[in-house]
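Residue numbers (my numbering): 20 to 167. Backbone N, C-alpha and C define an ideal beta-carbon position, used for all residues, glycine too. What you are looking at is a predicted structure, and each value in this text was computed from that prediction instead of being measured. Here is the structure we will look at, set down as structure tokens.
In structure tokens form, the structure reads like this:
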């Protein structure tokens, strides 16, 4: 077997590193500098184009505050997989980047708004479930309007 070829696992690990790096608001250059490689090499790691040596994988995990097992997708640390799971949701990585780019005062407002939206969505979901499949068209429109 040719050990120089990358595998799906290499691409998966690279994608996890990219998600965690973005969540920490770190650039590829910053990660590369911290582990002793160029940003181009870090980019190759994240794309799964180049295998990551164990010592570098350990350095990346420490920098991102997760275990090496978290990079492989194994459940060992408390927060790592929760973050990875969240960041796989469409738009989540962008949300994290936007959140990190604003002042603490704006963040408080964003959290309040997000909590309010989640509360309204939960109420609408409960109402939709209570209405059941026999809901009339007007009731469905009212529930849908509550989500907007």
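Can you find the residues in the same chain that come closer than 6 angstroms, C-beta to C-beta, to residue i, ignoring five residues on each side of it along the sequence?
i	result
residue 76	87
Should residue i go down as buried or exposed, given a rule of 16 or more other Cβ atoms within 10 Å for buried?
i	result
residue 18	In the structure as shown, the chain starts at 20 and stops at 167, and residue 18 therefore has no counterpart that could be examined.
residue 81	exposed
residue 41	buried
residue 61	buried
residue 51	buried
residue 134	exposed
residue 37	buried
Would you kindly check if the distance between the Cβ of residue j and the Cβ of residue i is under 7 angstroms?
i	j	result
residue 54	residue 79	yes
residue 90	residue 44	no
residue 24	residue 67	no
Assign residue i to one of three DSSP states: helix, strand, or coil.
i	result
residue 139	helix
residue 121	coil
residue 151	coil
Cutting at 8 angstroms between CB atoms, please list the residues of its own chain near residue i, excluding the five before and the five after it.
i	result
residue 47	40, 58, 61, 62 and 65
> In chain order, which alpha helix (DSSP H) runs of at least 4 residues are fully inside the segment 28-103?
Replying inline: 47-54, 58-66, 73-83 and 87-91
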